[in-house]
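Engineer:
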Amino acid sequence: MGRVQRWLGRPWGVAALVVGLAVAGVGLFWFQPWKLWVDETIKDALPAATATQDAAEPAAGEPAAAASGPRTLASGELISHEHRTSGSVKVLELADGTRTLRLENLDTSNGPDLRVWITDAPVKEGTAGWRVFDDGKFVSLGKLKGNKGDQNYALPADLDLKRYTSVSIWCDRFDVSFGAASLARA
Numbered sequence: 007m008g009r010v011q012r013w014l015g016r017p018w019g020v021a022a023l024v025v026g027l028a029v030a031g032v033g034l035f036w037f038q039p040w041k042l043w044v045d046e047t048i049k050d051a052l053p054a055a056t057a058t059q060d061a062a063e064p065a066a067g068e069p070a071a072a073a074s075g076p077r078t079l080a081s082g083e084l085i086s087h088e089h090r091t092s093g094s095v096k097v098l099e100l101a102d103g104t105r106t107l108r109l110e111n112l113d114t115s116n117g118p119d120l121r122v123w124i125t126d127a128p129v130k131e132g133t134a135g136w137r138v139f140d141d142g143k144f145v146s147l148g149k150l151k152g153n154k155g156d157q158n159y160a161l162p163a164d165l166d167l168k169r170y171t172s173v174s175i176w177c178d179r180f181d182v183s184f185g186a187a188s189l190a191r192a
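All residue numbers for the sequence shown refer to the numbering used here, where the first residue is 7 and numbers rise by one.
See the structure below:
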C-alpha cells in the first residue's frame with residue numbers, strides 16, 4: 007500500500023490514473039463488450055397490409071393471390087462475415103403494394119450500432135466480403151431490432167430492387183459486415 011500512496015503522491019501519478027480511467031471509459035463505451043453476452047430476441051409477426059376493403063374479396067382486376075397474404079419478390083440466406091450469422095432474408099410485397107424486408111430465424115452476435123442495409127454490393131464469402139457494402143450504393147433500413155428472431159423493416163416506395171441486390175447486417179461503428187445475403191428474384 008505504501009508504494010501506491012507514494013506513486014499517487016506525485017503529480018504525474020494522479021494524472022496517469024485520470025488518463026487511464028478516461029481511456030478505459032472511452033474504450034468501454036466504444037466497444038460495448040457486454041453486448042457479447044446479451045441477446046435480444048425479436049418476434050415480429052408476418053406483415054399484413056392495412057385492410058381498406060373486405061379481405062375475402064380482391065379488388066377488381068387484382069389477382070386472388072394478392073388478397074391471401076404477402077408475395078415474396080426476392081430472398082436469400084445470410085452468410086457469416088465478421089461474426090457468425092445465419093437466417094434468411096425475404097423481400098415481401100403486401101396486398102396494398104408496400105414492401106417489407108423480413109429477416110427470419112436471424113442469429114448473429116450483438117454489437118454496437120448494428121444496422122440493416124440493402125445494397126448494390128455483391129456478397130463475398132470470407133474476409134473479402136467484410137467491408138464491401140459501403141463502397142457503392144446502400145439504403146439503411148434502420149437499427150437492427152435484435153440479434154435473434156424474426157424482424158420486419160419497411161422498404162422505401164421508390165427503392166429499385168433491380169439495383170439493390172444484397173442485404174447486410176452492418177456495424178456502423180466499425181464499418182464491417184456481421185453477415186450478408188444475396189437477394190435472388192422470386
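Beta carbons: idealized from backbone N, C-alpha and C, even for Gly.
Please report how far the alpha carbon of K143 lies from the alpha carbon of V44, in whole angstroms.
Structural biologist: Within the sequence shown, numbered from 1, the residue matching residue 143 stands at position 137. Within the sequence shown, numbered from 1, the residue matching residue 44 stands at position 38. Rounded to whole angstroms, K143 to V44 spans 32 Å at the Cα level.
Engineer: Are L189 and T171 closer than 8 Å when you measure CB to CB?
Structural biologist: Taking the sequence shown and counting its residues from 1, one reaches residue 189 at position 183. Taking the sequence shown and counting its residues from 1, one reaches residue 171 at position 165. Contact: yes.
Engineer: Whole angstroms are fine: how far does the CA of S115 sit from the CA of S86?
Structural biologist: Numbered from 1 along the sequence shown, position 80 holds the residue referred to as residue 86. Numbered from 1 along the sequence shown, position 109 holds the residue referred to as residue 115. One C-alpha to the other measures close to 10 Å.
Engineer: Do E88 and V182 have their C-beta atoms within less than 8 Å of each other?
Structural biologist: Within the sequence shown, numbered from 1, the residue matching residue 88 stands at position 82. Within the sequence shown, numbered from 1, the residue matching residue 182 stands at position 176. Going by C-beta atoms, E88 is nearer than 8 Å to V182.
Engineer: Ends of the beta strand (DSSP E) at T133?
Structural biologist: On the sequence shown, residue 133 is found 127 positions in, with the first residue counted as 1. Here T133 belongs to no beta strand (DSSP E), and DSSP marks it neither H nor E.
Engineer: Is there contact here, the segment 149 to 159 with the segment 113 to 128, by at least three beta-carbon pairs under 8 Å?
Structural biologist: Verdict: yes, contact present.
Engineer: By the 10 Å Cβ neighbour count, where 16 or more other Cβ atoms means buried, how is P76 classified, buried or exposed?
Structural biologist: Reading the sequence shown from its first residue, position 70 is the one you call residue 76. Label assigned to P76: buried.
Engineer: Which residues share a DSSP beta bridge with N158?
Structural biologist: For the purposes of this step, residue 158 is identified with residue 152 of the sequence shown, where counting begins at 1. Note: N158 sits in a beta bridge opposite R108.
Engineer: Beta-carbon separation of R108 and L120 under 8 Å?
Structural biologist: Translated into the one-based positions of the sequence shown, residue 108 becomes position 102. Translated into the one-based positions of the sequence shown, residue 120 becomes position 114. No, Cβ-Cβ distance for R108 and L120 is not below 8 Å.
Engineer: Mapping the DSSP letters down to three states, classify V95 as helix, strand or coil.
Structural biologist: Mapped onto the sequence shown, residue 95 falls at position 89. Correct three-state label for V95: strand.
Engineer: From A176 to A22, what distance separates their C-alpha atoms?
Structural biologist: By 1-based counting over the sequence shown, the position of residue 176 is 170. By 1-based counting over the sequence shown, the position of residue 22 is 16. According to the sequence provided, residue 176 is Trp. The question's Ala does not apply to it. The straight-line gap from Cα to Cα measures roughly 36 Å.
Engineer: Among P17, T78 and S174, which has the Cα closest to the Cα of K130?
Structural biologist: One-based indexing of the sequence shown puts residue 130 at position 124. Selected option, being the one with the closest Cα: S174.
Engineer: Within a Cβ cutoff of 7 Å, which residues of the same chain sit near Y159, ignoring the five residues on either side of it in sequence?
Structural biologist: What you label residue 159 is simply residue 153 of the sequence shown in a count that begins at 1. The residues are T106, L107, V122, L147 and G148.
Engineer: Going by DSSP, what residue range makes up the beta strand (DSSP E) through K149?
Structural biologist: Stepping through the sequence shown from its first residue, residue 149 is reached at position 143. F144 to K149 is the extent of the beta strand (DSSP E) around K149.
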